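Everything below concerns the one structure shown next.
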Amino acid sequence: MVSKSPNFGGSTVASERSQCVVFKDAISAPLRLSFGVPQGSVLGPTLLNIHINNISKACHTSNVSLYADYTEMHSSSKDIDLAEHNVNEDLRSVRHWFHRNGLICNTKKTETMVIASQNALKTTRDINIFYGNSILKQQKHFKYLGVVVDESLSWNNHVSYVASRVYPKLKLLNRISFFLGPAILLKIYKVTILPILDYGCTVWGFCSKKNSDFLERLQNKAMRIILRTNHLTCT
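In this note's numbering, the protein residues as written are 3 to 237.
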């Protein structure tokens, strides 16, 4: 067991705290912590937000969005070379800002992505975004605050992700439907399945008709289980 620290090490002084490494029966000597916020603390997210709140001042052309320890930078341009240049320049400033404020960027968890239409992506080259001497990995999709964003905003990956979470719960709902009434089953559906379908829908809700119809079929399946009807019942 190794004690962990947050992705960003803040400069808030920790009073009389130490950490050590425990492996089986061996315990290392304790090491006193001179700065940082204990992981899992109630004040941790608030203190972190206060500490990194002015990171946007380090960016001159890119926009910055902050949520807890998620930091997202984006630059918009019809010219891929210009967008790449803007982000790289701002990342240099951000790297210096991190250094001045006693923070470390976890480059293994830092990724880049180009968002454009499907036609534009066919003719758009890969981008080279650097943090120091490290080139950041470019992704075609990534999960941001529980929503899977893809490079063409088709939301295909997010719908697949939603289905992968809903299917096991539908199987469980079907299994217990032989012992519980429709009213109880409906409550279970609203607590366990509906929140998954609703989460972030204001962002990805304008997906393709194919994806929308697919999600509707999942809901229809849930309703057939709750109402104990067969698959031929008209919705």
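Yeah, the Cβ is synthetic: ideal placement off N, Cα and C, and Gly gets one too.
From a predicted model like this one, the values you see are computed outputs, not experimental measurements.
What would DSSP say about H87, mapped onto helix, strand or coil? As a first step, residue 87 is located in the sequence shown; it is residue number 85 there, counting from the start. Correct three-state label for H87: helix.
Considering Cα atoms alone, identify which of Y69, S77, N56 is closest to T63. The residue labelled residue 63 in the question sits at position 61 within the sequence shown. Checked all of Y69, S77, N56; the closest Cα to T63 is S77.
Which residue comes first and which comes last in the beta strand (DSSP E) that contains V151? Here residue 151 refers to the residue found at position 149 when the sequence shown is read from its first residue. Residues 149-152.
Same chain only: Cβ atoms within 8 Å of R226, ignoring 5 sequence neighbours per side: Here the question's residue 226 lines up with position 224 in the sequence shown. So the qualifying residues of the chain are N232, H233, T235.
When the Cα of Y72 is compared with those of T109, A28, N158, K26, which residue comes out closest? In the sequence shown, residue 72 corresponds to position 70, counting from 1. Comparing Cα positions, the closest option is T109.
Is S166 near the ligand GTP, going by C-beta to nearest heavy atom under 6 Å? With respect to small molecules bound, the structure shown includes none, and the ligand GTP cannot be examined in it.
What's the C-alpha gap between T132 and F25? Here residue 132 is taken as the residue at index 130 of the sequence shown, counted from 1. Here residue 25 is taken as the residue at index 23 of the sequence shown, counted from 1. Note on residue identity: the sequence assigns Phe, not Thr, to residue 132. So the two alpha carbons sit approximately 37 Å from each other.
Three Cβ pairs or more, each shorter than 8 Å: is that satisfied between the region 135-155 and the region 173-186? no
Tell me the DSSP secondary structure of T14 in three-state form. Residue mapping note: residue 14 aligns to position 12 of the sequence shown, counting from 1. Only weak support is given to the placement of T14: the predicted model assigns it a pLDDT of 43, under 50, and the question is left unresolved by the model.
What ranges does the alpha helix (DSSP H) occupy inside the region 52-106, keeping only unbroken runs of at least 4 residues that lie completely in it? 82-102
Have a look at K211, P170, W206 and flag the residue whose alpha-carbon is nearest the alpha-carbon of K223. As a first step, residue 223 is located in the sequence shown; it is residue number 221 there, counting from the start. Ranking K211, P170, W206 by Cα distance to K223 puts P170 first.
Can you name, in chain order, every residue of its own chain whose Cβ lies under 6 Å from the Cβ of S5, other than the five neighbours on each side? The count along the sequence shown starts at 1 and reaches residue 5 at position 3. Because the pLDDT at S5 is just 37, under 50, the model does not fix this residue reliably, and the point stays unresolved.
Go ahead and label L105 buried or exposed: buried means 16 or more other beta carbons lie within 10 angstroms of its beta carbon, across all protein chains shown. In the sequence shown, counting from the first residue as 1, residue 105 sits at position 103. The residue in question, L105, is buried, as its Cβ has 16 or more Cβ neighbours within 10 Å.
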